[in-house]
Amino acid sequence: MNRRYRKTIIAGNWKMNKLPSEVKPFAEALKTLAPHAKWCETVICAPFVDLPAAIKAFKDSRVAVGAENLNENASGAYTGEVSADMLTDLGVKYVIIGHSERRQYYGETDVSVNKKIHAAIGAGLQPIVCVGESLEQRELGITLDLIKLQVTTALSGVEADKMRKIVIAYEPIWAIGTGKTATAEQANEVCCAIRATIRNMYGARIARAVSILYGGSMNEKNAAELLAQPDIDGGLIGGASLVPEKFAAIIATANQDQA
Ligand code: 13P
Numbered sequence: 001m002n003r004r005y006r007k008t009i010i011a012g013n014w015k016m017n018k019l020p021s022e023v024k025p026f027a028e029a030l031k032t033l034a035p036h037a038k039w040c041e042t043v044i045c046a047p048f049v050d051l052p053a054a055i056k057a058f059k060d061s062r063v064a065v066g067a068e069n070l071n072e073n074a075s076g077a078y079t080g081e082v083s084a085d086m087l088t089d090l091g092v093k094y095v096i097i098g099h100s101e102r103r104q105y106y107g108e109t110d111v112s113v114n115k116k117i118h119a120a121i122g123a124g125l126q127p128i129v130c131v132g133e134s135l136e137q138r139e140l141g142i143t144l145d146l147i148k149l150q151v152t153t154a155l156s157g158v159e160a161d162k163m164r165k166i167v168i169a170y171e172p173i174w175a176i177g178t179g180k181t182a183t184a185e186q187a188n189e190v191c192c193a194i195r196a197t198i199r200n201m202y203g204a205r206i207a208r209a210v211s212i213l214y215g216g217s218m219n220e221k222n223a224a225e226l227l228a229q230p231d232i233d234g235g236l237i238g239g240a241s242l243v244p245e246k247f248a249a250i251i252a253t254a255n256q257d258q259a
């Protein structure tokens, strides 16, 4: 983390978990457990049908609500899809774009990710853009080249003044839901490479201000070590974000004074 230059963000990704009726009890528990967020921005990204309940439940708190996906088109004949304007109209602030599960199961590509980013920023949403390599790609030694390509394509055509709205999340696919976390050094190396890519595209001042998160089996036990890394500005948390006690403990870690 580097609080001098950028925001620390602890974001939960509920994925396809929690019923709308389970949102309020979760929010009540989190509001009691979580420390007053001195530095850290807290976000809960929830399934579409949970969003109205989440907006209501977190209304008077400092927890922002995010969606897990959106359609790149503004409106029209796209049965079953949800637009950026629909999300902002509800009061949603963030949206996860290009999660590896969407790339893997729903055919999303760097190009569709780029279109979704444009749709999100056009509507005033803050994208949390996910990038990451598979185990095979890591073993081939192409991680940094691949990440650079993912970031460059995702941000293609995004103007410099919009970059302050964009959050990048590095999620190595082999660490998601596996209990296998990247070491703090591995994670920082890639986050540092993401910042270098942004520096090449937008210059040092903007690169210094972009929050880059780590995701992949992050929990209340390993958060401190990961967050102590200079280029890791927070977490995108799956499993541990479903349990108020665990998520609150990660928020507390992010709020501790920096050594
Ligand atoms: P886990 O924390 O369950 O590994 O999930 C990470 C993730 O995919 C967050 O988007």
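Taking this note's numbering, the leading residue of the sequence shown gets 1, the next gets one more, and so forth.
Positions of the beta carbon are idealized from the N, C-alpha and C atoms, including for glycine.
(1) Got a sec? Which residues, its chain only, sit under 6 Å from A259 by beta carbon, not counting five neighbours each side?
(2) Helix or strand or just coil, what does DSSP make of E41?
(3) Would you tell me roughly how many angstroms separate the C-alpha atoms of A11 and Q137, rounded to the nearest one?
(4) Could you check the C-alpha separation between K59 and G239 for me, to the nearest Å?
(5) Across which residues does DSSP place N13 in a beta bridge pair?
(6) Whole angstroms is fine: what's the gap from A123's alpha carbon to D85's?
(7) From the DSSP output, in three-state form, read off R230 for me.
(8) State the Cα-Cα distance for the pair T109 and A248, rounded to the nearest angstrom.
(9) Just tell me which of E133, Q126 and F48 has its CA closest to the CA of M163.
(10) In whole angstroms, what separates the C-alpha of A34 from that of A77?
(11) Determine, using beta carbons only, whether N114 and G157 come nearer to each other than 9 Å.
(12) Leaving out five residues on either side along the sequence, give the residues of the same chain with a beta carbon under 6 Å from the beta carbon of A169.
(13) State the start and end residues of the unbroken beta strand (DSSP E) segment that holds H141.
(14) Does the separation of the CB atoms of A184 and L226 fall below 9 Å?
(15) Which residues bound the beta strand (DSSP E) around P172?
(16) What's the call for T79, buried or exposed, on a 16-neighbour Cβ count within 10 Å?
(17) Distance, Cα to Cα, S134 vs W174?
(18) Skipping 5 residues on each side, what residues in its chain have a beta carbon closer than 6 Å to that of A27?
(19) With respect to the alpha helix (DSSP H) encompassing P127, which residues constitute its N-terminal and C-terminal limits?
(20) Would V303 and I198 be called neighbours here (beta carbons separated by less than 9 Å)?
(21) Taking the alpha-carbon of V82 as reference, which of V111, Y94, P52 and N69 has the nearest alpha-carbon?
(22) For T181, does the three-state DSSP call read helix, strand or coil?
(23) Quick one: is I251 buried, meaning 16 or more other Cβ sit within 10 Å of its Cβ, or exposed?
(24) From D161, K93, T32 and E220, pick the residue whose C-alpha is nearest to that of T181; which is it?
(25) Taking the alpha-carbon positions, what's the E101 to R205 distance?
(26) For V95, which residues does DSSP report across the bridge?
A quick look at the data gives this:
(1) With a pLDDT of 41 at A259, under the threshold of 50, the modelled position of this residue cannot be trusted; read the value that follows with caution. If we look at A259 and ignore the five residues flanking it on each side, it has no Cβ neighbours.
(2) E41 falls in the strand class under three-state DSSP.
(3) 26 Å
(4) 24 Å
(5) C45
(6) 6 Å
(7) The amino acid occupying residue 230 in the given sequence is Pro; Arg does not appear at that position. In the structure shown, P230 sits in coil (DSSP, three-state: anything other than H, G, I, E or B).
(8) 33 Å
(9) Q126
(10) In this structure, the CA atom of A34 is about 42 Å from the CA atom of A77.
(11) yes
(12) I128, C130, L213, G215 and L236
(13) What sits at residue 141 in the sequence shown is Gly, not His. Careful: G141 lies outside any beta strand (DSSP E) and carries neither H nor E.
(14) yes
(15) No beta strand (DSSP E) holds P172; DSSP gives it neither H nor E.
(16) The residue is exposed, with fewer than 16 neighbouring Cβ atoms inside 10 Å.
(17) 6 Å
(18) A57 and F58
(19) Here P127 belongs to no alpha helix (DSSP H); instead the beta strand (DSSP E) covers Q126 to V131.
(20) Residue 303 cannot be examined here, being either before or after the span of the chain that is shown, 1 to 259.
(21) N69
(22) coil
(23) buried
(24) E220
(25) 32 Å
(26) A67 and P127
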